[in-house]
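In our numbering, the protein residues as written are 2 to 313. Virtual Cβ for every residue (Gly too), placed ideally from N, Cα, C.
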């Protein structure tokens, strides 16, 4: 397949109209289900796909008579889009075994695709919808009980709210903010590599925001904690949902002192400065067998690197 992406990185272009006002409207959701489509996500977070790796989003009504416990993703024009767990087709409230048997065609069962692979090949809309579905269904699968009293949660508002009948608390999908930073000393770009990464793979530095901390404070702290490099100033550039499983990456550029990097913690196994020529060669795929490899194009990290190189 040929990638058809408008945005410089995945999951930010052509989102659904989430139509939050319809989440409590059971009649509207039933109508949308009857003419809508559904993504089916398995326990590993993979979506149903054709044997060629394309999205397989069957008519929702072929999967079950009504939306039941399915997640309402939103509207594409007048068409409703939903997502549901694959196991729910057999025994969950979103469907019945008979409905599952009807919908489980040979093509539907032929393949599954993970989100990273889909983001590299699918059009913007499909990859963005998959990211939304995967993130919320992952939250639901791991938040089946109330964190306050331990009571079971019942999901309401078309899958977007977990209600505890025991203590009446409401639980909403969680997103973890994280900064991701192109750090430069004016001439070079600071890149690091994590334990277990592919050989020679480096990326910009990143880290999660802590409670009571501003984004700018997070940039300074995380860069120093991971590389011992002192940030002198920073600015925000853009963001990317990163549902692996539930992050929001907040992209920054930062000016730093030309400190010698070293990694005092186990978060990175190496951090170093790279010249504009080294980064440019990697972006063009011209590195030698021992040269630098960069983040894939689906990620905001790659965009930050490309942006720095273009401005260096």
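Item: Sequence-distant residues of the same chain with beta carbon closer than 7 Å to residue 62, five excluded per side; Value: 34 and 35
Item: Cβ neighbour criterion (16 or more within 10 Å) applied to residue 236; Value: exposed
Item: Beta-carbon spacing of residue 179, residue 209 below 7 Å; Value: yes
Item: Local conformation of residue 39 per DSSP, three classes; Value: strand
Item: Collapsed DSSP secondary structure at residue 182 in the structure displayed; Value: strand
Item: Simplified DSSP assignment, three categories, for residue 386; Value: Past the edges of the chain, shown from 2 to 313, lies residue 386, and the structure says nothing about it.
Item: Cross-strand partners of residue 82 (DSSP beta bridge); Value: 38 and 75
Item: Where residue 149 falls: helix, strand or coil (DSSP); Value: coil
Item: Buried versus exposed call for residue 86 [16 or more other C-beta atoms within 10 Å across all chains shown]; Value: buried
Item: Boundaries of the alpha helix (DSSP H) in which residue 202 is found, first to last residue; Value: Looking at the DSSP string, residue 202 is not in any alpha helix (DSSP H), and its letter there is neither H nor E.
Item: Cβ separation of residue 18 and residue 64, assumed to be a contact under 8 Å, to the nearest whole Å; Value: Incorrect: roughly 22 Å between the Cβ atoms, too far for contact.
Item: Identity of the residue in 307, 7 and 12 nearest residue 184 by Cα; Value: 307
Item: Local Cβ density within 10 Å of residue 52, reported as buried at 16 or more and exposed below that; Value: exposed
Item: Segment contact, 8 Å Cβ cut-off, at least three pairs: the stretch 250 to 262 with the stretch 153 to 164; Value: no
Item: Own chain partners of residue 304 with C-beta closer than 6 Å, once the 5 adjacent residues on each side are dropped; Value: 9 and 10
Item: Where the alpha helix (DSSP H) containing residue 301 begins and where it ends; Value: 301 to 312
Item: First and last residue of the uninterrupted alpha helix (DSSP H) at residue 137; Value: 125 to 143
Item: Beta-carbon gap between residue 48 and residue 40 smaller than 7 Å; Value: yes
Item: Residue 57 versus residue 211 - alpha carbon distance; Value: 39 Å
Item: Residue of 239, 228, 278 and 46 minimising C-alpha distance to residue 118; Value: 46
Item: Neighbourhood of residue 188 by C-beta distance below 6 Å, restricted to the same chain and skipping five residues each side; Value: none
Item: Extent of the continuous beta strand (DSSP E) to which residue 232 belongs; Value: 232 to 243
Item: Touch test, the stretch 188 to 197 against the stretch 271 to 282, Cβ-Cβ under 8 Å, three pairs minimum; Value: yes
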